[in-house]
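The listed protein sequences correspond, in order, to chains A and B. Residues 4 to 119 in the working numbering are what the first sequence lists, from first letter to last. Residues 10 to 121 in the working numbering are what the second sequence lists, from first letter to last. Take a look at the structure below.
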Amino acid sequence: GAVVSQHPSRVICKSGTSVKIECRSLDFQATTMFWYRQFPKKSLMLMATSNEGSKATYEQGVEKDKFLINHASLTLSTLTVTSAHPEDSSFYICSARVTSGKFEQFFGPGTRLTVL
Amino acid sequence: QKEVEQDPGPLSVPEGAIVSLNCTYSNSAFQYFMWYRQYSRKGPELLMYTYSSGNKEDGRFTAQVDKSSKYISLFIRDSQPSDSATYLCAMSPFGGSYIPTFGRGTSLIVHP
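Encoded structure:
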């Protein structure tokens, strides 16, 4: 149980294009989903927290117009990197939490984004 | 000073060795202490968690928390090549959003 999937697992795009990454909780309903960014040999950096049906809460320094997050249902959240540039190349990981008041998060397998 | 400090390694050990992975932290409000394992190009998976101080054992894995020293450890007994991965510590306060703060991870290599 508690499986989280991400799609695509890897994407290569040209500079200036937009890329959408999907995060799905397969066997549970996720009231809260998180989006992280991870650089090589660096810690997971929380980008934003999204609750189903409401606007995402972005961490300081994360551009909300650059990284659009939609959490339209209890099993799906999407991250759209708009007008991607090479510096946006990274490993993006989502996680999902079953209910509020619980700390445990279940992580997706991640999406490797490369912007040429 | 970062809230959570973790040596990135790599830590290379022979198969069968006892492995000790550690993190230090500065925020005394942290109450939940977690260890995640992350294989290359995969998302992290929760190995163990501890609430407040003390030890917790699960098979070959033992987690220890020393709140007085703000120091946590993960011990792996009889290490196997399949344990080769990056191990991230994470911690969060009790209540509120429970959003954890992660260490940068320690890369562990267990060679046959």
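By construction, the Cβ of each residue, glycine as well, lies at the ideal position given by its N, Cα and C atoms.
- Residue-level contact by beta carbon fails for ARG46 (chain B) and chain A, as no gap is shorter than 8 angstroms.
- In the DSSP annotation of this structure, the continuous segment of the beta strand (DSSP E) that includes THR115 (chain B) starts and ends at 115 to 120.
- Using beta-carbon distances, LYS58 (chain A) does not count as an interface residue toward chain B, since no partner is under 8 angstroms.
- For the pair CYS26 (chain A) and GLN41 (chain A), the CB atoms are not nearer than the 8 angstroms cut-off.
- Distance from the CA of TYR61 (chain A) to the CA of GLY25 (chain B), rounded to the nearest whole angstrom, comes to 44 angstroms.
- Under the 8 angstroms criterion on CB atoms, GLU12 (chain B) is classed as non-interfacial with respect to chain A.
- Under the DSSP assignment, LYS58 (chain A) falls outside any beta strand (DSSP E); it carries neither an H nor an E label.
- Only those residues of the region 97 to 110 of chain B whose C-beta falls short of 9 angstroms from the nearest C-beta of chain A are listed: LEU97, ALA99, SER101, PHE103, GLY104, SER106, TYR107, ILE108, PRO109, THR110.
- Nearest in C-alpha terms to PHE39 (chain B), of all of B:ILE81, B:ILE118, B:GLY114, is B:ILE81.
- Counting every other CB atom within 10 Å of its CB across the protein chains shown gives PRO109 (chain B) a total of 16 or more, marking it as buried.
- By the Cβ-count criterion, PRO89 (chain A) is exposed, with fewer than 16 other Cβ atoms from all chains shown falling within 10 Å of its own Cβ.
- Going by DSSP, THR95 (chain B) is part of the beta strand (DSSP E) stretching over 94 to 102.
- A check of alpha carbon separations from ASP16 (chain B) across B:CYS32, B:SER88, B:TYR48 identifies B:CYS32 as the nearest.
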